[in-house]
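Those protein sequences? They're chains A and B, same order as listed.
For the first sequence, our numbering begins at 2 and goes up steadily by one.
For the second sequence, our numbering begins at 348 and goes up steadily by one.
Note that the Cβ used here is the ideal one computed from N, Cα and C, for glycine as well.
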Amino acid sequence: MQQETKGAAPGAAPAGRTRREAYEARARRRSTLVAAASTALVVLAIVTLVPLAPGWEAVNRSFFNGEVFAQTFPTLVRAFLWDLAIFAWSVPLITVIALAVALARDARSPALFPLKLFGILYTDIFRGIPVILVVYLIGFGIPGLGLPRPWNSPYIWGTVALVLTYSAYVAEIFRSGIESVHDSQRAAAASLGLSRADAMRFVVLPQAVRRVVPANMNMLIALQKDVALLSFIGPVEVLRQAGVFKSLLANFTPYVGAALIFLAVTIPATRYADYLMARQRRERS
Amino acid sequence: MLEMQAVTKAFGDNMVLDHVSLEVARGEMVCLIGASGSGKSTLLRCLNLLEPIDDGAILLDGRDISEPGLDPDPVRRRIGMVFQSYNLFPHMTAEENVMLAPRRVHGRTRADLRPEVATLFARFGLGDRMQHYPDQLSGGQQQRVAIVRALAMRPELMLFDEITSALDPELVGEVLDVLRQLRGEGMTMVLATHEMKFAADLADKICFLDAGQIAEQGPPSQIFEAPRKARTRAFLSRVL
Numbered sequence: 002m003q004q005e006t007k008g009a010a011p012g013a014a015p016a017g018r019t020r021r022e023a024y025e026a027r028a029r030r031r032s033t034l035v036a037a038a039s040t041a042l043v044v045l046a047i048v049t050l051v052p053l054a055p056g057w058e059a060v061n062r063s064f065f066n067g068e069v070f071a072q073t074f075p076t077l078v079r080a081f082l083w084d085l086a087i088f089a090w091s092v093p094l095i096t097v098i099a100l101a102v103a104l105a106r107d108a109r110s111p112a113l114f115p116l117k118l119f120g121i122l123y124t125d126i127f128r129g130i131p132v133i134l135v136v137y138l139i140g141f142g143i144p145g146l147g148l149p150r151p152w153n154s155p156y157i158w159g160t161v162a163l164v165l166t167y168s169a170y171v172a173e174i175f176r177s178g179i180e181s182v183h184d185s186q187r188a189a190a191a192s193l194g195l196s197r198a199d200a201m202r203f204v205v206l207p208q209a210v211r212r213v214v215p216a217n218m219n220m221l222i223a224l225q226k227d228v229a230l231l232s233f234i235g236p237v238e239v240l241r242q243a244g245v246f247k248s249l250l251a252n253f254t255p256y257v258g259a260a261l262i263f264l265a266v267t268i269p270a271t272r273y274a275d276y277l278m279a280r281q282r283r284e285r286s
Numbered sequence: 348m349l350e351m352q353a354v355t356k357a358f359g360d361n362m363v364l365d366h367v368s369l370e371v372a373r374g375e376m377v378c379l380i381g382a383s384g385s386g387k388s389t390l391l392r393c394l395n396l397l398e399p400i401d402d403g404a405i406l407l408d409g410r411d412i413s414e415p416g417l418d419p420d421p422v423r424r425r426i427g428m429v430f431q432s433y434n435l436f437p438h439m440t441a442e443e444n445v446m447l448a449p450r451r452v453h454g455r456t457r458a459d460l461r462p463e464v465a466t467l468f469a470r471f472g473l474g475d476r477m478q479h480y481p482d483q484l485s486g487g488q489q490q491r492v493a494i495v496r497a498l499a500m501r502p503e504l505m506l507f508d509e510i511t512s513a514l515d516p517e518l519v520g521e522v523l524d525v526l527r528q529l530r531g532e533g534m535t536m537v538l539a540t541h542e543m544k545f546a547a548d549l550a551d552k553i554c555f556l557d558a559g560q561i562a563e564q565g566p567p568s569q570i571f572e573a574p575r576k577a578r579t580r581a582f583l584s585r586v587l
């Protein structure tokens, strides 16, 4: 087996393949078979064992009712458009605020110290409070001031709550990106006579922002799900709509429908984020 | 043109430059030699105000540029610097790397800069590399782009910090050729280098640094053929 001469090996490889390729193809076939067999076994076990549970009939009726699903799903999808809308207008706001906070925390001039302090307090506070609490405090608190329409809308203040919380997280991601750019880049920019602001704008930030794209993708996926938290303060988005159906029909199937809708968005997005991260790892190595 | 007067610089307890005095005349090429950690890089970084000095003074055309609190940007525009690790901006093409500082600092437009930048690239054998990104270039090409980038600011003085040390041996020659070319054009240069033969052939003055001090300085003939100090002899016997 130690011979390395091409094609001369015992149990010779099929034409056009090296011995290594033939070996790897065999190994791949074997692991695919094992994976398929073990998956089939587990699925079989679930399918046969779970229905044996005493409450299965009831659960099946109230969570996986096909009739209820067909009746409610289209309305749920329409309600989900609200989730998408809230998401869509939150993202640009988060990007701008997070970048501003990240830069404020990086400020060096003593005149800008209040800005820096504000940046630190801001990130500390909003990263330290559960999102749902911020949603409650802002979503109920501010409309409680008795503002005229439309300024008492839970859509607005719910969005503000999400934007404030997520900006704090994203600001930290941007900051870690800024710090990851090697000092020699700043030195090169300085040696050319570029001002600190120009070095940040043209040299450091473009590299920093690119590096944290995968991390920010993960934040976006989390945000997409957290939009559902606004259901607690009023907006009739998909979770709220599912809740309405649940009370109406005394059936939990609409929740399963809502979950499927979320998955339809978050799974592709997660795969895309993974792909971006893998590509970045490849580029670095 | 440039004068260091008893410059002192320490990182914590570590004395990196210990009363260093050095003069560079216009059009002169000065080579700093010495073991790693002898202070060559720090000396260059101090000249470009990338590191503040602790004591002493640095004069550029008789004006003290080492004064604490002085705006470093105007000084740096007159002094170009090239680094061992090239430090090109990886997200920009070679051409963008070169144009950034003239555009931002001198307020010039791309269209206005293009002819002279193209001439600079062509002069250093990079005419067909302007639209490449740094990671598409060899080390020698990257380092030449870095030199072009510094030259595009029309500096009066160029600092080179071991610019061939990170290169594969077969690429060192093309970068040294660029230095020879600049020397021929009368550029004032200060180099930290390990290329002893190059320094012996081209330098007007060699400074041997040891433990943060200029142990000996003089023309190459003196330093390489008749060193006066025992530590210069010891260093040269190790590297030659």
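Using a 10 Å radius around the Cβ and a threshold of 16 neighbouring Cβ atoms, would you call residue i buried or exposed?
i               : result
R423 of chain B : buried
M2 of chain A   : The pLDDT assigned to M2 of chain A is 44, lower than 50, so where the model puts this residue is not dependable, and the model offers no usable value.
T290 of chain A : In the structure displayed, chain A extends from 2 to 286; residue 290 of chain A sits before or after that span and is not available.
G8 of chain A   : With a pLDDT of only 45 at G8 of chain A, under 50, the local geometry of the prediction cannot be trusted, and the value read off the model is given with reservation. It counts as exposed.
R451 of chain B : buried
T6 of chain A   : Only weak support is given to the placement of T6 of chain A: the predicted model assigns it a pLDDT of 47, under 50, and the value that follows is read from those uncertain coordinates. Exposed: under 16 other Cβ atoms inside 10 Å.
Y433 of chain B : buried
W83 of chain A  : buried
G178 of chain A : buried
V522 of chain B : buried
Y276 of chain A : exposed
S383 of chain B : exposed
N361 of chain B : exposed
N444 of chain B : buried
P449 of chain B : buried
F430 of chain B : buried
P289 of chain A : Residue coverage of chain A in this structure runs from 2 to 286, which leaves residue 289 of chain A outside it and unanswerable.
D227 of chain A : buried
A61 of chain A  : In the sequence as presented, Ala is not what sits at residue 61 of chain A; that position holds Asn. Under this definition N61 of chain A is an exposed residue.
V75 of chain A  : The sequence shown places Pro at residue 75 of chain A, not Val. With fewer than 16 Cβ atoms within 10 Å of its Cβ, P75 of chain A is classed as exposed.
S39 of chain A  : exposed
What does DSSP give as the partner residues of residue i in its beta bridges?
i               : result
L349 of chain B : B:V371 and B:L407
K356 of chain B : B:L364
I380 of chain B : B:F555
D402 of chain B : B:T355
Output the boundary residues of the beta strand (DSSP E) element that contains residue i.
i               : result
E563 of chain B : Q560 to G565
My guess is that residue i and residue j are in contact by the Cβ rule of under 8 Å, so how many angstroms apart are they, rounded?
i               : j               : result
A265 of chain A : Y256 of chain A : With 8 Å as the limit, A265 of chain A and Y256 of chain A do not qualify as a contact, their Cβ atoms being about 15 Å apart.
I405 of chain B : C393 of chain B : 7 Å
D532 of chain B : T511 of chain B : Per the sequence presented here, residue 532 of chain B reads as Glu, with Asp not at that position. Their Cβ separation, rounded to whole angstroms, is 20 Å, which puts E532 of chain B and T511 of chain B out of contact at 8 Å.
A547 of chain B : F571 of chain B : 5 Å
A372 of chain B : M348 of chain B : 6 Å
M536 of chain B : F507 of chain B : 7 Å
A105 of chain A : K117 of chain A : 6 Å
M218 of chain A : A274 of chain A : 4 Å
V239 of chain A : F81 of chain A  : 4 Å
A497 of chain B : G427 of chain B : 3 Å
F70 of chain A  : T254 of chain A : 5 Å
D401 of chain B : A357 of chain B : 6 Å
L231 of chain A : I121 of chain A : Not quite, the Cβ-Cβ distance comes to about 28 Å (not below 8 Å), so this is no contact.
S91 of chain A  : L261 of chain A : Going by Cβ atoms, the distance from S91 of chain A to L261 of chain A rounds to 23 Å, so no, they are not a contact pair.
What are the boundary residues of the alpha helix (DSSP H) that includes residue i?
i               : result
W152 of chain A : Looking at the DSSP string, W152 of chain A is not in any alpha helix (DSSP H), and its letter there is neither H nor E.
L129 of chain A : Residue identity check: residue 129 of chain A is Gly in the sequence provided, not Leu. Taken as a continuous stretch (DSSP letters only), the alpha helix (DSSP H) holding G129 of chain A covers F114 to G129.
R106 of chain A : G67 to R106
L394 of chain B : K387 to L394
D184 of chain A : D184 to S192
F582 of chain B : A577 to V586
Y480 of chain B : Unbroken run through Y480 of chain B: none, as it is neither H nor E.
A141 of chain A : Position check: residue 141 of chain A holds Phe in this sequence, whereas Ala was assumed. Its alpha helix (DSSP H) spans residues V132 to G142.
Going residue by residue through the stretch 404-462 of chain B, where are the continuous alpha helix (DSSP H) segments of at least 4 residues, counting only ones entirely within it?
Runs of the alpha helix (DSSP H) inside the stretch 404-462 of chain B: 419-425 and 441-453.
Can you check the stretch 489-547 of chain B for any alpha helix (DSSP H) of at least 4 residues that lies completely inside it and give the ranges in chain order?
You should have 516-531.
What ranges does the beta strand (DSSP E) occupy inside the stretch 201-263 of chain A, keeping only unbroken runs of at least 3 residues that lie completely in it?
For secondary structure counted as the beta strand (DSSP E) over 3 or more consecutive residues, the stretch 201-263 of chain A holds no complete run.
Length at least 3, wholly inside the stretch 31-56 of chain A: the beta strand (DSSP E) runs in chain order
The qualifying runs do not exist here; there are none.
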